[in-house]
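The opening position of the sequence shown corresponds to residue 0 in numbering that gives the first Met the number 0, with each subsequent residue numbered one higher.
Backbone N, C-alpha and C fix where the C-beta goes; we use that ideal spot for every residue, glycine too.
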Amino acid sequence: MSAKSDFIIRDVRIRDSEGIINLYYSYYEELGANPSLGLVLYRRKPDFRQESEWFKAAYKQIGLGNSIALVAEADGKIVGLCDVVRIKPGTSADHVGQIGIAIKKEYRSRGIGRALMSEAIKRSKGKFEQLILNVFENNRTALSLYKKLGFREFGTLRMSQKRGNRYFNEKYLYLRIK
Ligand SMILES: CC(C)(COP(=O)(O)OP(=O)(O)OC[C@H]1O[C@@H](n2cnc3c(N)ncnc32)[C@H](O)[C@@H]1OP(=O)(O)O)[C@@H](O)C(=O)NCCC(=O)NCCS
Numbered sequence: 000m001s002a003k004s005d006f007i008i009r010d011v012r013i014r015d016s017e018g019i020i021n022l023y024y025s026y027y028e029e030l031g032a033n034p035s036l037g038l039v040l041y042r043r044k045p046d047f048r049q050e051s052e053w054f055k056a057a058y059k060q061i062g063l064g065n066s067i068a069l070v071a072e073a074d075g076k077i078v079g080l081c082d083v084v085r086i087k088p089g090t091s092a093d094h095v096g097q098i099g100i101a102i103k104k105e106y107r108s109r110g111i112g113r114a115l116m117s118e119a120i121k122r123s124k125g126k127f128e129q130l131i132l133n134v135f136e137n138n139r140t141a142l143s144l145y146k147k148l149g150f151r152e153f154g155t156l157r158m159s160q161k162r163g164n165r166y167f168n169e170k171y172l173y174l175r176i177k
C-alpha cells in the first residue's frame, strides 16, 4: 500500500463491490453532461445485480493471476480504479495486459491517476511483458499521462467509437515492461 497526503492506493478487496459500482455509475452521470467523455461504457447502464456479477467475475481473475486491480481511496470512498487484465489467458498472447483507468470527476488533476497507474505498472512487472490501451483521440489529459509514463502510440483507429451520430477516433498505445 502506498499513501499520499490525501489519498491511498491499495489492492481491490471483495468488499469494494458497492464502492466500485457507484464509481462506475458516476461515469454515466458524467457522460450525460459530457457526450465526449473518453470512457467506453455500455449503451444501457447495467443494473446493480449485473454489476455485482461483473465484479465477482473480475475479482476471481485477480486470484487466478490474470488481473491486477488497484483502487484509490479518498474521503473514505473509492475514487479511482486501475486494472490490468490478461486479455487471452493460456494463449500466445498471455504476456499482454490491457490497462484501464478512471478517476471520479471531482478527484482528478491532483496526482491520483499518475500514482494509481504508476503502481499498476510496477505491479505488472514479472506478470506481463507488454501493456496496451486505447484512448479517445480527444482525451488530452489521459494521453498526456500515458506518454509521461512511457507509453508509445502505435496507431489510430478512426471512427472506432460511435455515440448517436457522432464518431470518435481512438489511439492505440503500448508499454514494454520487460
Ligand atoms: C485520465 C485520468 C485517469 C488522469 O488522472 P488524474 O488523476 O486526473 O491525473 P493526474 O492528476 O495524476 O495527472 C497526471 C497527468 O495527467 C495530465 N493532466 C492531469 N490533469 C490535467 C488537466 N486538467 N489538464 C491537462 N492535463 C492534465 C498531466 O499530464 C498530468 O501530469 P503531471 O502529473 O506531470 O501534472 C483522469 O483524468 C480520468 O479519469 N479521466 C476520465 C476517464 C478517462 O479518460 N480515463 C482514461 C480512459 S483511456
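Distance from L115 to L69 at the Cβ level is roughly 6 Å; contact confirmed, criterion being Cβ atoms closer than 8 Å.
Contact check for V83 against I67 passes: the beta carbons are separated by less than 7 Å. Comparing C-alpha distances from Q97 to each of I8, S117, E17 and I131 shows the shortest one belongs to I131. Here the alpha carbon of E169 sits roughly 12 Å from the alpha carbon of L36. Not one heavy atom of ligand 1 is found less than 6 Å from the C-beta of L148.
Residue nearest to N164 within the set G112, P34 and E52 is P34 (criterion: CA-CA distance).
For the 7 Å CB-CB criterion, K76 and G18 form a contact. Under the DSSP assignment, L40 falls outside any beta strand (DSSP E); it carries neither an H nor an E label. When distances are taken from the beta-carbon of A71 to the heavy atoms of ligand 1, even the shortest one reaches 6 Å or more. When C-beta atoms of the region 37 to 49 are compared with those of the region 134 to 143, three or more pairs fall below 8 Å, so the two segments count as touching.
Nearest C-alpha to D46 among I120, I176 and I20: I20.
Relative to K44, the option among Y26, V11, S108 and D74 whose CA is nearest is Y26. Distances from the CA of V95 to each of K124, E118, G62 and C81 were compared; the closest alpha carbon is that of K124. Within the region 77 to 112, the complete beta strand (DSSP E) segments at least 3 residues long are 95 to 102, listed from N- to C-terminus.
In terms of side-chain proximity, the C-beta atom of L30 is found no nearer than 6 Å to any non-hydrogen atom of ligand 1. For the set G89, R42, G112 and S108, the Cα lying nearest the Cα of Q160 is the one of R42. R175 and A141 have their C-alpha atoms spaced approximately 18 Å apart. DSSP, reduced to helix, strand and coil, places S66 within a strand of the structure shown.
As summarised for the region 106 to 164, the continuous alpha helix (DSSP H) elements at least 4 residues long and confined to that stretch are 111 to 123 and 139 to 147, given in chain order.
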